[in-house]
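The structure appears right after this line, and notes come after that.
Residue numbers (our numbering): 759 to 915.
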């Protein structure tokens, strides 16, 4: 878990490849497929989340949605919190390649970049399910194995 641009997808893909894990990006559950600017009903997202967990013995789930993470965390054996700071998240967003599961084209993704960067910069001051405050609470409450990364330097174990 972490802010947008913290490296969640990059790390999840690396973990998936190294350990042959099923991979779920919570973005695919959180938004309406036909209208990716509209949030799905939480109960529908949770239904799909629980189905994924039930269907896969070994998995990596990544996202910033505390309402979904809170439920996924109950089933995980290790929690990784990517918290490299705002400046690194902004740099990562600027270097991000096209995300076809979120945007129909690179141009559509780039049209959203200014809004995304403004949103990323509010991570430490927001008071919502996407905030540092919310992620910090999930991390502190987790009783299993957990690690927080404060930079882009990470070990995959």
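Every residue, glycine too, gets a C-beta built ideally from N, C-alpha and C.
All values derive from a computational prediction rather than experimental measurement.
A residue is called buried once 16 or more other Cβ atoms fall within 10 Å of its Cβ, and residue 766 is buried on that count. A residue is called buried when at least 16 other Cβ atoms come within 10 angstroms of its Cβ; residue 761 meets this threshold and is buried. Exclusion of the five residues before and after residue 870 leaves 861 as the residues of its chain whose Cβ lies within less than 8 Å of its Cβ. The beta-carbon distance between residue 831 and residue 900, rounded to whole angstroms, is 6 Å. This is short enough to meet the 8 Å contact definition. DSSP places residue 893 within a helical segment (H, G or I) once states are collapsed to three.
Residue environment for residue 905: exposed (fewer than 16 other C-beta atoms within 10 angstroms of its C-beta). Straight through space, the alpha carbons of residue 797 and residue 809 are spaced by roughly 19 Å. Residue 827 is classed as buried because its beta carbon has at least 16 other beta carbons within 10 Å across all chains shown.
Within its own chain, the residues whose Cβ lies closer than 6 Å to the Cβ of residue 890, once the five positions on either side in sequence are excluded, are 881, 882, listed in chain order. Beta-bridge pairing by DSSP links residue 797 to 789.
With respect to the 8 Å criterion, residue 779 and residue 817 are classified as neighbours on the basis of their beta carbons.
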